[in-house]
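*Asks:* The structure under discussion is supplied below as structure tokens; questions concerning it will follow.
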Amino acid sequence: MKPKEGLLILLSSPSGGGKTTLCNRLMEADPNVVRSVSCTTRPPRGNETEGRDYYFLAREDFENRIARGEFLEHAQVHGHYYGTLRKTVEELLAAGRDVLLNIDVQGAAIICKLAKADPRLSRLLLSVFLMPPSLQLLEQRLRKRGTDDEGTIARRLAEAKREMAHWHEYDYVIVTGPIEGDYRRMRAIMDAERCRLARLSFKTE
Ligand code: 5GP
Numbered sequence: 020m021k022p023k024e025g026l027l028i029l030l031s032s033p034s035g036g037g038k039t040t041l042c043n044r045l046m047e048a049d050p051n052v053v054r055s056v057s058c059t060t061r062p063p064r065g066n067e068t069e070g071r072d073y074y075f076l077a078r079e080d081f082e083n084r085i086a087r088g089e090f091l092e093h094a095q096v097h098g099h100y101y102g103t104l105r106k107t108v109e110e111l112l113a114a115g116r117d118v119l120l121n122i123d124v125q126g127a128a129i130i131c132k133l134a135k136a137d138p139r140l141s142r143l144l145l146s147v148f149l150m151p152p153s154l155q156l157l158e159q160r161l162r163k164r165g166t167d168d169e170g171t172i173a174r175r176l177a178e179a180k181r182e183m184a185h186w187h188e189y190d191y192v193i194v195t196g197p198i199e200g201d202y203r204r205m206r207a208i209m210d211a212e213r214c215r216l217a218r219l220s221f222k223t224e
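Following this note's numbering, the numbering of the sequence shown begins with 20 at its first residue and continues without gaps.
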């Protein structure tokens, strides 16, 4: 039996922690898995594209959308707004797609709180924290990416330390390593959760 709605997969890690690579690998392997494209007020990096990586918005536009209640969650990260559009997530879940939310620990905490008061969301929600094996490795990755200056790297590392302290708020933790290993673990978690969702749907029918 196929579950009617998809999973809402909350994936957090500090900046440079490998979320984007893992999201891309998951989507490449399974066309049912899709990433919810977030809105942000941060400027695009080198090869980022509007509508594929983010919707890049002016601060005023973002704040108007907050006021209109368009975001399922939003947060300020590194001085910029980031937010998940409610409509996007709802439409994808209703279509049976598994929706990846690549969001920070503040946004994740908001979604987990919403799920506590909403049995449907709670049923669909799966939260996973990608834990870098060490801060040194994270620093190497941020440098290798070559998109941030020294000040930004230092800020992101300090932020990473604070974010890593939240690992225990998630359903699962993956200590990250080579991408194929991370991918296999994530698939195993998703497959198990799909079976759990199918079992819950079966019981309530
Ligand atoms: P970056 O600027 O490196 O793309 O993202 C910075 C941080 O913002 C990352 O931890 C990323 O997961 C988070 N982020 C991206 N989109 C959203 C969102 O819609 N909501 C929240 N709360 N965080 C987000």
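Note that the Cβ used here is the ideal one computed from N, Cα and C, for glycine as well.
Is T103 near the ligand 5GP - that is, is its Cβ less than 7 Å away from at least one heavy atom of it?
*Replies:* Within the sequence shown, the letter at position 84 stands for residue 103. Indeed, a heavy atom of the ligand 5GP lies less than 7 Å from the Cβ.
*Asks:* What residues in its chain sit with their C-beta under 7 Å from that of C131, if we drop five residues either side in the sequence?
*Replies:* The count along the sequence shown starts at 1 and reaches residue 131 at position 112. Closer than 7 Å at Cβ, skipping near neighbours: S146, E188.
*Asks:* Can you give me the C-alpha to C-alpha distance between S34 and E178, rounded to a whole angstrom?
*Replies:* In the sequence shown, the residue the question calls residue 34 occupies position 15. In the sequence shown, the residue the question calls residue 178 occupies position 159. Distance between the alpha carbons of S34 and E178 is about 8 Å.
*Asks:* Smallest Cα separation from F75: which of N66, R61, R84, G88?
*Replies:* Numbered from its first residue, the sequence shown carries residue 75 at position 56. Among N66, R61, R84, G88, the Cα nearest to that of F75 is on R61.
*Asks:* In terms of residue numbering, what span does the beta strand (DSSP E) encompassing E92 cover?
*Replies:* Your numbering for residue 92 matches position 73 in the sequence shown. 90-96 is the span of the beta strand (DSSP E), which, as asked, contains E92.
*Asks:* To the nearest whole angstrom, what separates the beta carbons of L29 and L120, a pair I think is in contact under 8 Å?
*Replies:* As a first step, residue 29 must be located in the sequence shown, where it is residue number 10. As a first step, residue 120 must be located in the sequence shown, where it is residue number 101. Going by Cβ atoms, the distance from L29 to L120 rounds to 5 Å, so yes, they are a contact pair.
*Asks:* Taking D115 as the reference, give the member of V124, E47, L143 with the closest Cα.
*Replies:* Your numbering for residue 115 matches position 96 in the sequence shown. Reading off the sequence shown, one finds Gly at residue 115, where the question assumed Asp. That would be L143, whose Cα lies nearest to the Cα of G115.
*Asks:* DSSP puts D117 in a beta bridge; with which residues?
*Replies:* Here residue 117 corresponds to residue number 98 of the sequence shown, with the count starting at 1. V52, per the DSSP bridge assignment.
*Asks:* Closer than 7 Å: is that where the CB of R61 sits relative to any heavy atom of the ligand 5GP?
*Replies:* Taking the sequence shown and counting its residues from 1, one reaches residue 61 at position 42. Under cutoff, so the answer is yes.
*Asks:* Tell me where the beta strand (DSSP E) around T59 begins and ends.
*Replies:* For this step, residue 59 is matched to residue 40 along the sequence shown. Unbroken beta strand (DSSP E) run through T59: 57-59.
*Asks:* If you draw a straight line from the alpha carbon of R105 to that of R181, how long is it in whole angstroms?
*Replies:* Locating residue 105 in the sequence shown gives position 86, counting from the first residue. Locating residue 181 in the sequence shown gives position 162, counting from the first residue. If you take the alpha carbons of R105 and R181, they lie about 27 Å apart.
*Asks:* Tell me where the beta strand (DSSP E) around T103 begins and ends.
*Replies:* The sequence position of residue 103 within the sequence shown is 84, counting from 1. From DSSP, the beta strand (DSSP E) with T103 extends over 99-104.
*Asks:* L145 by DSSP, collapsed to three states: which one?
*Replies:* As a first step, residue 145 must be located in the sequence shown, where it is residue number 126. Of the three classes helix, strand and coil, the one that applies to L145 here is strand, per DSSP.
*Asks:* Tell me the rounded alpha-carbon separation between R160 and G36.
*Replies:* For the purposes of this step, residue 160 is identified with residue 141 of the sequence shown, where counting begins at 1. For the purposes of this step, residue 36 is identified with residue 17 of the sequence shown, where counting begins at 1. Approximately 8 Å between the Cα atoms of the pair.
*Asks:* Return the bridge partner residues of F75 from the DSSP annotation.
*Replies:* Counting from 1 along the sequence shown, the entry for residue 75 is found at position 56. Paired residue(s): T59.
*Asks:* Got a sec? Which residues, its chain only, sit under 6 Å from F148 by beta carbon, not counting five neighbours each side?
*Replies:* What you label residue 148 is simply residue 129 of the sequence shown in a count that begins at 1. Closer than 6 Å at the Cβ level, and outside the excluded window around F148, lie S31, W186, Y189, V192.
*Asks:* Going along the chain, which residues of its own chain have a beta-carbon closer than 7 Å to the beta-carbon of T40, five neighbours each way excluded?
*Replies:* Within the sequence shown, numbered from 1, the residue matching residue 40 stands at position 21. The residues are I198.
*Asks:* DSSP on L26, reduced to helix/strand/coil?
*Replies:* On the sequence shown, residue 26 is found 7 positions in, with the first residue counted as 1. The answer is coil: DSSP assigns L26 none of H, G, I, E or B.
*Asks:* For the ligand 5GP, is there a heavy atom less than 7 Å away from the beta-carbon of K38?
*Replies:* Here residue 38 is taken as the residue at index 19 of the sequence shown, counted from 1. Yes, the ligand 5GP has a heavy atom inside 7 Å of this Cβ.
*Asks:* Quick check on DSSP: helix, strand or coil for I129?
*Replies:* The residue labelled residue 129 in the question sits at position 110 within the sequence shown. In the structure shown, I129 sits in a helix (DSSP, three-state: H, G or I).
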